[in-house]
Amino acid sequence: MLLTLAWGSLFFPGLFALSTWALRRRRPRWSYSDCVMIGCRLVSSVQAVLATGSGIVIIRSCRDVVLDRHWLAREYVWFLIPYMIYDCYAMFFCECYRDRDQNHGYYGTFRNFLSQNRLMITHHLFILFVLVPVAQKLRGDLGDFFVGCIFTAELSTPFVSLGRILIQLKQQHTLLYKVNGILTLTTFLCCRILLFPFMYWSYGQQKGLSLHQVPFNIPFHCNVANAFLMAPQLYWFSLLCRKAVRLFDNAEAKKES
Numbered sequence: 009m010l011l012t013l014a015w016g017s018l019f020f021p022g023l024f025a026l027s028t029w030a031l032r033r034r035r036p037r038w039s040y041s042d043c044v045m046i047g048c049r050l051v052s053s054v055q056a057v058l059a060t061g062s063g064i065v066i067i068r069s070c071r072d073v074v075l076d077r078h079w080l081a082r083e084y085v086w087f088l089i090p091y092m093i094y095d096c097y098a099m100f101f102c103e104c105y106r107d108r109d110q111n112h113g114y115y116g117t118f119r120n121f122l123s124q125n126r127l128m129i130t131h132h133l134f135i136l137f138v139l140v141p142v143a144q145k146l147r148g149d150l151g152d153f154f155v156g157c158i159f160t161a162e163l164s165t166p167f168v169s170l171g172r173i174l175i176q177l178k179q180q181h182t183l184l185y186k187v188n189g190i191l192t193l194t195t196f197l198c199c200r201i202l203l204f205p206f207m208y209w210s211y212g213q214q215k216g217l218s219l220h221q222v223p224f225n226i227p228f229h230c231n232v233a234n235a236f237l238m239a240p241q242l243y244w245f246s247l248l249c250r251k252a253v254r255l256f257d258n259a260e261a262k263k264e265s
């Protein structure tokens, strides 16, 4: 545990510093602010790939969705804790660079950061103070399969990050941006929305229950936890859909003009 926490504490900030430094050398025309923000997106993408890979390994190794065990289900959570703490700092660091020309001051920037990132900060704190204790202690030796499923929710993150990088570089008109938008919506829908029915279905398959019977045959707190996890995903997915509709409408308007 301590060794994994230490590795995570070194890996993510170190990768962020290395990414920012490499971007400054390879893209000298980019501002330092651009390099910092893109470096932050790259680290998020790397973490997402690691989490998704871990999740797939766990899912494939657990034939019994309740009782089977895999060491990554616990170990990767310890690795994830430093990332969540780092990511909160990195988001604030990026906010400082975005606001540095507006002279808001430290406290003004911090207020802006909290107001603009309320949901994401709440999401990170929920993971640190609720999901981590559940995953590491409260669930006992049960449910590694479902922990692996939750890890795979990160599959959409690299596409979300690439989209934001392309926007930052003013590449919204490119084919890459449009294709990435389709992949973002698809992976988000599959891995952050449909993931929850899949977990219920997997449990039902093992217990001989239909999908609609599963919620009534598992502990109530499991349904509540899934509802809390799914709610922000539905909100973020609605924002992605609105953005996709605006992009489509703008493209149609340009064709007509």
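For the sequence shown, the positions run 9 to 265 when our numbering is used. Just so you know, even glycine gets a beta-carbon here, dropped at the ideal spot from N, CA and C.
Its chain contains no residue whose beta carbon lies nearer than 8 angstroms to that of R71 once the 5 sequence neighbours on both sides are disregarded.
Per the C-alpha coordinates, the member of A239, P205, F167, G22 positioned closest to V187 is F167. The C-beta distance from P90 to G16 rounds to 3 angstroms, short enough to meet the 8 angstroms contact threshold.
Within the same chain, Cβ atoms closer than 7 angstroms to the Cβ of M92 are found at H132, I135, L136, the five residues on either side in sequence being excluded.
When DSSP states are grouped into helix, strand and coil, H229 belongs to the helix group.
When C-alpha distances from F154 are compared across S164, A143, L163, the shortest belongs to A143. The C-beta distance from S53 to S210 rounds to 27 angstroms, too long to meet the 8 angstroms contact threshold.
Here the region 156 to 166 lies against the region 56 to 63, with 3 or more beta-carbon pairs under 8 angstroms apart.
Comparing alpha-carbon positions, the option among A252, A30, L237 lying closest to L50 turns out to be A30.
With contacts defined by Cβ atoms closer than 8 angstroms, W86 and T12 form a contacting pair. Taking 8 angstroms as the cut-off, the beta carbon of N225 is found closer than this to the beta carbon of L217. For Q214, the closest of D76, Y40, A14 by C-alpha to C-alpha distance is D76. Nearest Cα to L26 within the set F245, H229, I46: I46. Between F245 and L197 the beta-carbon gap is near 7 angstroms, inside 8 angstroms, which marks them as a contact. When DSSP states are grouped into helix, strand and coil, S218 belongs to the coil group.
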